[in-house]
Each structure stands twice: as structure tokens, then as C-alpha cells.
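Chains as they are written, first to last, in the working numbering: chain X, 1 to 295; chain D, 1001 to 1046.
Beta carbons: idealized from backbone N, C-alpha and C, even for Gly.
What you are looking at is a predicted structure, and each value in this text was computed from that prediction instead of being measured.
Scroll down for the structure; my scribbles are underneath it.
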């Protein structure tokens, strides 16, 4: 069997394992309570709300906003360092393999309906995530930090992962009647945002990742330098453009800032010029079987 | 070593240094303190 055909299944399994690992506090789902142990010192690489009853570690995007919101007291060294290391090692491979919210979006996109294809318009819309990164994750939390008002603006006004994993799972639990009594306008706003995002993902491939996710934007800025990722072998590439035209995201080149490393390009490349690499080491792609045969 | 590899190594070193500094200045403790409480902003309660 052609090894390339197995790629999506392997990726899906890794996505599932990552989602389970991030949310391994299964007792929390039963009790409607969040995990409060020492592992929450650590950040997971993907978007996973730390108020999810199952979450065993911190959300890097929430942690970043809160660290910036405390910048008047201490610089945000820790979270910036963690994000820099994640971005340099894994880049947007995190989006394709290690993000539970990415997995949810991909599963929703499997619902058989007419799909919205990428276009110059979706490419323009994909810039919104950089605006959200600058405004809601950096500028607004920093502005309010010096007024001693902690405001993680993306978490508060947009984050659909927080609404789905945190709000819905916590507030639906019968043990949390006190929390439910606090529901107000902000909750309903966030619920509408969540429903719009989930509905959008049915029609548009990974709509949230492509258009709105500031964490993806941040990792995208480091994607050129990331150790892990899909790479093109220039000696085999014929510039046919199949990789870019058949990619479901708004890439201009394989492995650029918009690439979520779904590995589709490896499958469609007619000259087998694309592989998934860690530096110079081929982890997956057409070169791997040859290497094995020679060794 | 190529320029790109040198830049990558320098940035990775800076990232690790930032993590160490962050643990030293209490940034990691802040992450824990926030993450062990229900985040009212995240769940849309304020």
C-alpha cells in the first residue's frame, strides 16, 4: 500500500491523542470542576482553554494575554519564551497535529454540504488574525495593564475554544448552578461567536484557524524558521502549482505562514517533491521508503 | 552553519533563556495561579 495514503489517518490519530492528552483530567468532566494541580504551570502548544474541566495544562494564548495584562508588575518572559520555543521547533505543525480546536473544525468540515473554496477574498480575510493578534492579544491587554485592569481581550470577547471547552462544558454540568446564575450579555455574545465559527467551519475549511486564530498567526510568523514542517525539494519541483492550487488554505508557497501542515500537498504532488521534515531529516514523504530500502 | 540555522539557534537560545528568566521572576507561578481558577473571561461571565 502506498505510504502516502496513510498520512491523513496518522495525523488524525495524533490530533486525537493530543486532544486526549491535553484534557486527560477525565474526573473533571464528571464532577464539573477544573484541574488545579501543578501541571498547570505548563502551557500546551495548541489552543485548549484552561477552564475546560479536562484541561491538565494552561492555554498558551490565554497565558500570554494574562502575562501581558500583568506586564506592569513583571515582564512576560515565561510565556513569550514558551511560545518562541514552540514556534521555532514545531511552527504551524501545531495547528495541523496538536490543536484540539483544529480537530473539531476539521470534523465539522466533513459534514457533506456545498463548500466555500479559497479565493482572493479568503486570502484577504486571512489577514484578520494578525490584526486580532496585535489588537486583542497585545495592545488592549497592555494598555489596560498600565491602568491596573486585567483584560485578556481575545479570551473575553472572541475565543470560541473557551466558550466551547470552558463555558459549555462547565455551565452545562448540574453541579455549577451558581455559575449559571451569573450568565449575562457577554456569555450570549460569546455563544453567538462560537455558533457562527462552528457553522462557518462546516462550509469553510478551518475557518477559525485561517481567519481568526491569533495563536496560528503567531506560529505562522515563525513558520519559515520552524524545525518541523512540509518542505519542497527544488530539484524535483516542476512548478506545476498543484500543491498551492489544491491546498485548502490560503498559502502562496508550501509551508508558508498560512500552511497548517495538513499534508495534503504531499499526496497531490505529481513529482513527489514534497516531504515532511525535521530539519534535513525526512519524517514522512516519498523519500522515506527509498531511504529504508537503502539502509 | 547557514545564516538561517544560526538565527534559529540564537532565537531558540533566547526562548530558553526567557523561560528560565520567567521561572525566576515568577511568570510561571502567575500562569499556574491563573490556570487553576475558572477563567471568568474565557467562559463569558465577565
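**Request:** Please check the pair residue 248 of chain X and residue 205 of chain X, which I expect to be a contact at CB under 8 Å, by giving their CB distance rounded to whole angstroms.
**Result:** 4 Å
**Asked** Would residue 1004 of chain D count as contacting chain X if we go by Cβ distances under 9 Å?
**Response** yes
**Request:** Closer than 7 Å by beta-carbon distance: list the chain X residues that pair up with residue 1028 of chain D, in chain order.
**Result:** 41 and 78
**Message:** Let me see if you follow: with CB-CB separation under 9 Å, is residue 81 of chain X close to chain D or not?
**Reply:** yes
**Message:** Looking at chain D, is there any beta carbon in it that lies within less than 9 Å of the beta carbon of residue 183 of chain X?
**Reply:** yes
**Asked** How far does the beta strand (DSSP E) with residue 278 of chain X in it reach, from first residue to last?
**Response** 274-278
**Request:** For residue 11 of chain X, count neighbouring Cβ atoms within 10 angstroms of its own Cβ and tell me buried if that reaches 16, exposed if not.
**Result:** buried
**Asked** For the putative contact between residue 202 of chain X and residue 109 of chain X, defined by C-beta atoms under 8 Å, what is the C-beta separation to the nearest angstrom?
**Response** 7 Å
**Asked** Cα separation between residue 1043 of chain D and residue 120 of chain X?
**Response** 34 Å
**Request:** Determine the burial state of residue 35 of chain X: buried for a count of at least 16 other Cβ atoms within 10 Å of its Cβ, exposed for fewer.
**Result:** buried
**Asked** Would DSSP call residue 1005 of chain D helix, strand or coil?
**Response** helix
**Request:** Measure the alpha-carbon distance for residue 181 of chain X versus residue 172 of chain X and round it to whole angstroms.
**Result:** 12 Å
**Request:** Take residue 100 of chain X as the anchor and find which of X:244, X:52 and X:149 has the nearest alpha-carbon.
**Result:** X:52
**Item:** Listed by chain order, chain X residues near residue 1014 of chain D by CB distance under 9 Å
**Value:** 81 and 84
**Item:** Under 8 Å from the C-beta of residue 51 of chain X: neighbouring residues of chain D
**Value:** 1038, 1039, 1042 and 1043
**Item:** Opening and closing residue of the alpha helix (DSSP H) in which residue 228 of chain X lies
**Value:** Premise fails: residue 228 of chain X lies in the beta strand (DSSP E), 228-232, not in any alpha helix (DSSP H).
**Message:** Between the alpha carbons of residue 32 of chain X and residue 26 of chain X, how many angstroms are there, rounded?
**Reply:** 10 Å
**Request:** Tell me, please, whether the region 87-98 of chain X touches the region 153-172 of chain X by the rule of three or more beta-carbon pairs shorter than 8 Å.
**Result:** no
**Message:** Does residue 282 of chain X come out as helix, strand or coil in the three-state DSSP assignment?
**Reply:** strand
**Request:** Determine the burial state of residue 1008 of chain D: buried for a count of at least 16 other Cβ atoms within 10 Å of its Cβ, exposed for fewer.
**Result:** buried
**Asked** In this structure, what does DSSP give as the bridge partners for residue 43 of chain X?
**Response** X:58
**Prompt:** Do you know offhand how far residue 239 of chain X's Cα is from residue 1025 of chain D's?
**Reply:** 50 Å
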